[in-house]
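These protein sequence lines map, in sequence, to chains A and B. Following numbering that gives the first Met the number 0, the numbering of the first sequence begins with 0 at its first residue and continues without gaps. Following numbering that gives the first Met the number 0, the numbering of the second sequence begins with 0 at its first residue and continues without gaps. Reviewing the structure listed below.
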Amino acid sequence: MAELLQGFSVALSAENLAYCFIGVFLGMVVGVLPGIGSLAAISMLLPITFYLDPTTAIIMLAGVYYGSEYGGSTASILLNLPGTPSNAVTCLDGYPMAQKGRAGVALFVTTIASFVGGSLGIILLTVATPAFISFAMMFQSKEYFVALLLGLIMAATISQGSPARGLAVLGVGILLGCIGADIQTGMARFTMGRIQLFDGISIVIVAMGLFGVSEIIWSIAAHTTPIIKDRITLQSLIPTRDDIARSAIPTLRGTAVGSIVGPLPGAGLALASFFAYALEKRFSRRPEAFGTGIVEGIAAPEAANNAAAQTAFIPTFALGIPGTTTMAIMLGAMMMHGIVPGPQFVRENFDMFWAVVASFWIGNLILLLLNIPFIGVWVRLLKIPYVLLYPAIICLVCIGVYSLSYSVFDVVLLLGFGLLGYVLRLIRFEAAPLLMGFVLGPLLEENFRRALLLAQGDLLTLFSGPINTTMLTLAGLASAWAIYARIRALRRSEPSTLPAASEDA
Amino acid sequence: MSRCNPADVAGGLFVAAIGAAFAAVAAGYPLGQLANPGPGVFPLATGIITAVVGLGIAVKGFLRSGEVRITISHRSVIAVVASVAAFALMIRPLGLVPTLFVVVLVAALGSSKSRPLHALAVAVATAAGGWLVFIVGLGLPIPAIRMPF
C-alpha cells in the first residue's frame, strides 16, 4: 500500500499528470476515429518520448492504449463501425440502441462499464504482478526461451484466421529482427553493407509502416463520411433504473472474462470482448434479445476489453513477455529507454512500476470526466471527413520517422514496410505477428544461445525442467483443445464467428 | 471459380522466398558449435522453418480452391507512396514547410472525395502547424525553408 501511495505522489506531479492527460486524450481521439488505431498512434508518439523521462513516457503511451478502448465504443454505437477491433461486438447491441434513439444511454453505459472494468483490472494488476514476479524469478535462459517461443507461437496462431499464415508472418518478423549487429560477436548481419542498418531497423519504422502507412492506404478507399442524425444531449445520457439494474451483473462478468483473457499471449482485447458477449448470451434468460439493442450486450464486452487492456500489462511487466502487438510496442518503448522488463524490472524500477500503476487510476478517472460531460464533442469529432485527416497523418508519420536520426534512408524503409503491410493485407496475411516477432526475436535468440551454452549443446535440455514441462504441457492441452474446437466447428460447417482481430489482437 | 487459392499461393511463395534468402545468407556466417552457437545458427534455423511453412501454405493453396477477390485501390496506393517519396526527396534540399505542403497535396490526390480547395486549406494548415509544433515547439533540427541552389 505504501508503494502505491508513493507511486501516486510521482504520478500526480504536474508533468506526469499533464502527459497522462495528453495520453488518454489522444487515445480517446484515435479510439473515436475509425481508421487510426492505438498501435499507429503509439508508434507515432514513440520518437517524441525520447525527450521525456522514461516513467513519463510509459505513462503517456499507456494512456493512449487504454484511452482508445474507451473511445472505440463511440463509433460502434453511433455508426455501426468499430473504432478499434475490440469494439466490434459492441456494434451488435450498441447500434440498434442508437437506432431506437437510445444512443445517449448506450454511450453512458459503455463509459461506466469501461470505468468499472478498467478499475478492477488495475486492482488485479496491482495484486498479481508481484506474485508473477516471484514466479518469474525462477526463470533462467531456457525457461525464458520456452516462454518466449510458446508466447510467440500462441500469439501468431490464436488471433489469426489461419495458424499457418500467422506462423509464416511471425518467421518473417523474427528474420527482420536479426538485421544488424549480432549481440554476442558484434558481427554485422544482413546489412548489405549499409551502415544505416548496423543498429538494426527501428521498431518505430516497422510499426508505422505496417500499421500507419498501410492502414491509411486501406482506409482511403474504404471510408465514407459518417452521417449522424441524433444530437447527443446530456439529458439523453441518463439511463433508467432498469438499465442500471440490468447492466450491473454483466459488467462484473465481463470484467472477470477480460481479466482472465487479458494476460494470455495472443488472446488480446478483441477476443476478450467477444468471449464476454458470448458468455452473457449464454447466461441470459432471454438470449434471443441479444442483437436487438439491450444494455447487457454492450456492458459486458466494454467492461471486458477495458479490464483486459489493464491486465495485459501483467506479463509485460513481470516477465518481459508481451501478449499482444501493442504490448510489444510498449516493451520496445521501455527497451529504447534502457529499461528491460522482467523480474528485475519491478525490483530495480520500483518507483517507476508503482507510478505507472497509479497513473492508470488517474487516467481512468480522467477518461470518465472526459467522456460524460463532453460526449457531444467526441460525436462532433466523428463527423470530420477522413479525406481531410489522412494527408496530415501521413505528414506526422514521415516527420516521426525522419526525426529518429534525420536519415532519408529511414523514410525509404518506412515506405517499404508500408507497402509490405498493404500487400500482406491484400492477400489476407495479418501483419501483427510480424511486429511481435520483430520485437521479441532478438530476445528469443539471446536466450536460445545462452541456454545452449549452459546446456553444453544439448538441445533436449532446453525443453526440460519442471517449469518448462508445465508450460509445454499447458500449451499442448491448449492446442489440443483448439484443434478439437476447430474440427467440431468444421463438422457443424458454421462460418467462424470469431472476430478478425486485425490490429490490436 | 479457379482451382487454387491465389492469395495463399502468392503469399506462401513470398514468405518462402524471404525465409530462403535469409537462410542462404546466414549459412555463410560463422555457425560455431551447438555448445557455443555462432551468429549464423539462429537466422539459419528460423529461415529454414519460415521457408518450409511458406512452401506448405503455397502447396495447400494449389490444392484447395478458394475464392479470394483481390481488389487493389490503385489510386490510393500510388498517391500515398508518392507522398511519402516526396517527403524523402524534398526534406533535405527544401526544408520542412514546402515539403509538408507538397506531401499533403500529393496525398490528397489519393481519394476521389478530395476537393482542391479543401486540400489546399489542409496543406497550408499542416505546413503551418508542423512548423509550429516541430520546429518552434519541439526544436527539431530541420530547416523550415531552404533554398536548393
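Quick reminder that beta carbons are idealized off the backbone N, C-alpha and C, glycines included.
With 9 Å as the limit, tell me which residues of the region 151 to 172 of chain A have their beta carbon closer than that to any beta carbon of chain B; keep them in chain order.
If the cut-off is 9 Å between Cβ atoms, the region 151 to 172 of chain A has S161, A163, R164, L166, A167, V168, L169, G170 and V171 near chain B.
Evaluate N305 (chain A) with the Cβ neighbour count: other Cβ atoms within 10 Å of its Cβ, from every protein chain shown; 16 or more gives buried, anything less gives exposed.
buried
Does the beta-carbon of Y385 (chain A) have 16 or more other beta-carbons within 10 angstroms, so that it is buried, or is it exposed?
buried
Closer than 8 Å by C-beta to M59 (chain A): which residues in its own chain qualify, once you throw out the five before and the five after it? Chain order, please.
Y18, C19, I21, G22, L44, T48 and L51
Using the Cα positions of A102 (chain A) and N79 (chain A), report the straight-line distance between them to the nearest angstrom.
12 Å
Nearest to V378 (chain A) by CA position, among A:A97, A:T73, A:G62 and A:S67, is which residue?
A:T73
CA-CA distance, Q234 (chain A) and F289 (chain A)?
26 Å
State yes or no: is the beta carbon of L62 (chain B) nearer than 8 Å to at least one beta carbon in chain A?
no
Compare the C-beta of V52 (chain B) with all C-beta atoms of chain A and state if any pair is closer than 8 Å.
It does; some Cβ of chain A falls within 8 Å.
So for A120 (chain B), helix, strand or coil by DSSP?
helix
Under a CB-based cut-off of 8 Å, is P142 (chain B) close to chain A?
no
For D457 (chain A), count neighbouring C-beta atoms within 10 Å of its own C-beta (all shown protein chains included) and say buried if the count is 16 or more, exposed if not.
Burial call: exposed.
If the criterion is Cβ atoms closer than 8 Å, does the pair D92 (chain A) and I231 (chain A) meet it?
no
Using a C-beta to C-beta distance shorter than 8 Å, which residues of chain B count as neighbours of L414 (chain A)?
V80, V83, A84 and A87
So is F189 (chain A) in contact with chain B if we call contact Cβ pairs under 8 Å?
yes
Looking at the structure shown, is N539 (chain A) part of a helix, part of a strand, or coil, going by DSSP?
Any answer about residue 539 (chain A) is impossible in this case: the structure gives chain A only from 0 up to 504.
So what does Q32 (chain B) bridge to, in DSSP terms?
For Q32 (chain B), which the question treats as bridged, DSSP gives the partners B:N35.
Answer yes or no: do D409 (chain A) and I216 (chain A) have a C-beta to C-beta separation smaller than 8 Å?
Against a cut-off of 8 Å, the Cβ pair of I216 (chain A) and D409 (chain A) comes out as no contact.
Might you give, ordered along the chain, the residues of its own chain that have their beta carbon closer than 6 Å to the beta carbon of G176 (chain A), omitting 5 neighbours on each side?
F437, G440 and P441
Could you list the residues in the region 89 to 100 of chain B with a C-beta less than 7 Å from some C-beta on chain A, going in chain order?
I90, R91 and L99
Show which residues of chain B have a CB atom less than 8 Å away from the CB atom of Q455 (chain A).
A34
For chain B, is any of its Cβ atoms less than 8 Å away from the one on P390 (chain A)?
yes
Hey, how far is the Cα of M153 (chain A) from the Cα of S478 (chain A)?
Spanning the two alpha carbons is a distance of roughly 9 Å.
Hey, could you find the ends of the alpha helix (DSSP H) F408 (chain A) is sitting in?
V407 to L425
Against chain A, does V135 (chain B) count as a neighbour if the rule is that its beta carbon must be under 8 Å from one of theirs?
no
Hey, how far is the Cα of A421 (chain A) from the Cα of G39 (chain B)?
Correcting the residue identity first, residue 421 (chain A) is Tyr in this sequence and not Ala. Those two C-alpha atoms are separated by around 30 Å.
With 8 Å as the threshold, decide whether the Cβ of G417 (chain A) is near any Cβ in chain B.
yes
Mind checking which residues open and close the alpha helix (DSSP H) that includes T103 (chain A)?
At residue 103 (chain A) the sequence reads Gly, which differs from the Thr that was named. Segment A102 to A135, the alpha helix (DSSP H) holding G103 (chain A).
Leaving out five residues before and five after D7 (chain B) in sequence, what residues of the same chain have Cβ atoms less than 6 Å from its Cβ?
I56 and G60
Exposed or buried, which one is Q309 (chain A) when buried takes at least 16 other CB atoms within 10 Å?
Of the other Cβ atoms in all chains shown, 16 or more fall within 10 Å of the Cβ of Q309 (chain A); this residue is therefore buried.
So with Cβ pairs under 8 Å, would you call A107 (chain B) a contact of chain A?
yes
Would you tell me roughly how many angstroms separate the C-alpha atoms of I47 (chain B) and F21 (chain B), rounded to the nearest one?
Their backbone Cα atoms lie some 9 Å apart in a straight line.
Measuring straight from C-alpha to C-alpha, what distance separates K527 (chain A) and L476 (chain A)?
Nothing about residue 527 (chain A) can be reported from this structure: the residues present for chain A run from 0 to 504 only.
Which same chain residues end up closer than 7 Å to L147 (chain A) when comparing Cβ atoms and leaving out the 5 residues on each side of it in sequence?
Non-local beta-carbon contacts of L147 (chain A) in its own chain, meaning distances under 7 Å to residues more than five positions away in sequence, involve I320, L439, L442, L443 and N446 in chain order.
By the 10 Å Cβ neighbour count, where 16 or more other Cβ atoms means buried, how is G208 (chain A) classified, buried or exposed?
Burial call: buried.
Using DSSP's beta-bridge definition, name the partner residues of R188 (chain A).
A:G179
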